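Protein sequence lines, in the order shown, are assigned to chains W and G. In this note's numbering, each number is its position in the first sequence, counted from 1, plus 9. In this note's numbering, each number is its position in the second sequence, counted from 1, plus 95. Idealized CB from N, CA, C, for every residue including glycine. As the structure is a computational prediction, the values presented were derived from the model and not from experiment. Below is one structure, written out as structure tokens; the observations come after it.
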Amino acid sequence: KQEVTQIPAALSVPEGENLVLNCSFTDSAIYNLQWFRQDPGKGLTSLLLIQSSQREQTSGRLNASLDKSSGRSTLYIAASQPGDSATYLCAVRRGETSGSRLTFGEGTQLTVNP
Amino acid sequence: NAGVMQNPRHLVRRRGQEARLRCSPMKGHSHVYWYRQLPEEGLKFMVYLQKENIIDESGMPKERFSAEFPKEGPSILRIQQVVRGDSAAYFCASSPLRGEKLFFGSGTQLSVL
Numbered sequence: 010k011q012e013v014t015q016i017p018a019a020l021s022v023p024e025g026e027n028l029v030l031n032c033s034f035t036d037s038a039i040y041n042l043q044w045f046r047q048d049p050g051k052g053l054t055s056l057l058l059i060q061s062s063q064r065e066q067t068s069g070r071l072n073a074s075l076d077k078s079s080g081r082s083t084l085y086i087a088a089s090q091p092g093d094s095a096t097y098l099c100a101v102r103r104g105e106t107s108g109s110r111l112t113f114g115e116g117t118q119l120t121v122n123p
Numbered sequence: 096n097a098g099v100m101q102n103p104r105h106l107v108r109r110r111g112q113e114a115r116l117r118c119s120p121m122k123g124h125s126h127v128y129w130y131r132q133l134p135e136e137g138l139k140f141m142v143y144l145q146k147e148n149i150i151d152e153s154g155m156p157k158e159r160f161s162a163e164f165p166k167e168g169p170s171i172l173r174i175q176q177v178v179r180g181d182s183a184a185y186f187c188a189s190s191p192l193r194g195e196k197l198f199f200g201s202g203t204q205l206s207v208l
């Protein structure tokens with residue numbers, strides 16, 4: 010059974026800092042991994058998706074890496090801003106043909122202080 | 096192109112009543128997924144549907160819960176005889192193809208009194 014863990018559970022940083030969020034998963038046989046942000050009372054916004062054959066993806070100030078063999082992914086946020094404050098969720102997809110469910114971590118709650 | 100639309104945003108039911116949650120996927124998406132987020136817990140998969148077919152319902156409770164995605168109209172998640180433990184945020188997601196990126200709706204917050 011796939012388990013996804015995110016560390017830390019909460020993080021508070023001053024504006025402008027670079028930061029790293031961590032995600033680990035127990036079963037390395039994944040199809041892809043997706044990072045989301047969730048704002049209070051709202052849905053999830055997809056940030057980055059990394060296929061199992063890829064090592065990283067970048068979008069603006071965000072960079073996500075994937076080390077499938079060790080079961081780890083990181084989300085790097087450069088020059089953090091108060092608007093980045095949200096809960097960040099990591100989710101892995103088991104396989105394209107064996108099912109399409111995502112298994113989510115419990116998230117990292119990020120607060121960026123002005 | 097409107098995103099995934101869920102309604103209602105908030106739904107209040109008394110114990111024993113029925114709850115119907117609706118989800119209209121993004122235009123062109125034929126794959127719909129339902130997830131539940133219990134208080135202080137992560138999102139848990141419930142069911143995966145394509146038009147008129149349930150593909151994977153392994154995350155659905157065996158009783159009282161059902162889902163459909165008819166040929167016409169939105170996907171419906173139906174909870175019969177709700178109990179307090181059903182109180183949660185229910186999220187719908189859609190994708191254009193199997194295995195592709197999921198796009199989530201804003202969720203329906205169900206409160207059972």
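If you count every other CB in all the chains shown that lies within 10 Å of the CB of residue i, and 16 or more means buried, which is it?
i, result
"Ser-107 (chain W)", "Caution is warranted here: a pLDDT of 45 is assigned to Ser-107 (chain W), below 50, making its placement in the model unreliable, and the coordinate value is therefore given only provisionally. That one is exposed."
"Thr-117 (chain W)", "buried"
"His-105 (chain G)", "exposed"
"Thr-203 (chain G)", "buried"
"Arg-179 (chain G)", "exposed"
"Thr-112 (chain W)", "buried"
"Asn-122 (chain W)", "exposed"
"Arg-64 (chain W)", "exposed"
"Lys-77 (chain W)", "buried"
"Asn-6 (chain W)", "For residue 6 (chain W) there is no data in the structure shown, the boundaries of chain W being 10 and 123."
"Arg-70 (chain W)", "exposed"
"Arg-109 (chain G)", "exposed"
"Leu-119 (chain W)", "buried"
"Gly-52 (chain W)", "buried"
"Leu-144 (chain G)", "buried"
"Val-99 (chain G)", "buried"
"Leu-133 (chain G)", "exposed"
"Val-107 (chain G)", "exposed"
"Gly-80 (chain W)", "buried"
Could you work out which residues of chain W lie near residue i, taking near to mean beta carbons separated by less than 7 Å?
i, result
"Ser-201 (chain G)", "Lys-51 and Gly-52"
"Gly-137 (chain G)", "Phe-113, Gly-114, Glu-115 and Gly-116"
Using the beta-carbon of each residue, which ones in chain G are nearer than 9 Å to residue i?
i, result
"Gln-43 (chain W)", "Lys-196 and Leu-197"
"Glu-12 (chain W)", "Ordered by position in chain G, no residue passes the 9 Å Cβ test against Glu-12 (chain W), which lies about 11 Å from the chain."
For residue i, which residues in chain G fall below 8 Å Cβ to Cβ?
i, result
"Gly-80 (chain W)", "Neighbours of Gly-80 (chain W) on chain G: none; closest Cβ ~17 Å, over 8 Å."
Taking the DSSP output, what are the residues bridged to residue i?
i, result
"His-124 (chain G)", "The partner list for His-124 (chain G) (beta bridge, DSSP) is empty, contrary to what the question assumes."
"Tyr-97 (chain W)", "W:Arg-46 and W:Thr-117"
"Lys-77 (chain W)", "Partner(s): none; Lys-77 (chain W) has no beta bridge."
"Glu-163 (chain G)", "G:Ile-171"
"Met-100 (chain G)", "G:Ser-119"
"Ile-59 (chain W)", "W:Leu-42"
"Ala-19 (chain W)", "W:Gln-118"
"Arg-108 (chain G)", "G:Val-207"
"Gln-90 (chain W)", "Gln-90 (chain W) pairs with nothing; no bridge assigned."
"Arg-102 (chain W)", "W:Asn-41 and W:Leu-111"
Since residue i meets chain W, which of its residues come closer than 8 Å, beta carbon to beta carbon?
i, result
"Phe-140 (chain G)", "Arg-110, Leu-111 and Thr-112"
Decide if the stretch 32-45 of chain W is in contact with the stretch 91-105 of chain W; the criterion is three or more beta carbon pairs, one per stretch, under 8 Å apart. yes
Counting only Cβ-Cβ distances shorter than 9 Å, please list the residues of the stretch 50-63 of chain W near chain G, keeping chain order. Gly-50, Lys-51, Gly-52, Leu-53, Thr-54, Ser-55 and Leu-58
Stretch pair the stretch 114-121 of chain G + the stretch 168-184 of chain G: three plus CB contacts closer than 8 Å: yes
Check whether the stretch 14-27 of chain W touches the stretch 146-164 of chain G, counting contact only when three or more Cβ pairs, one atom from each stretch, lie closer than 8 Å. no
Mind listing which residues of the stretch 147-159 of chain G have their C-beta closer than 9 Å to chain W's C-betas, in chain order? Ile-150, Asp-151, Ser-153 and Gly-154
Pair every Cβ in the stretch 186-198 of chain G with every Cβ in the stretch 122-129 of chain G, then say whether three or more of these pairs are closer than 8 Å. yes
Is it the case that the stretch 131-138 of chain G contacts the stretch 55-62 of chain W, given that we only count it when at least three CB pairs across the two stretches are under 8 Å? no
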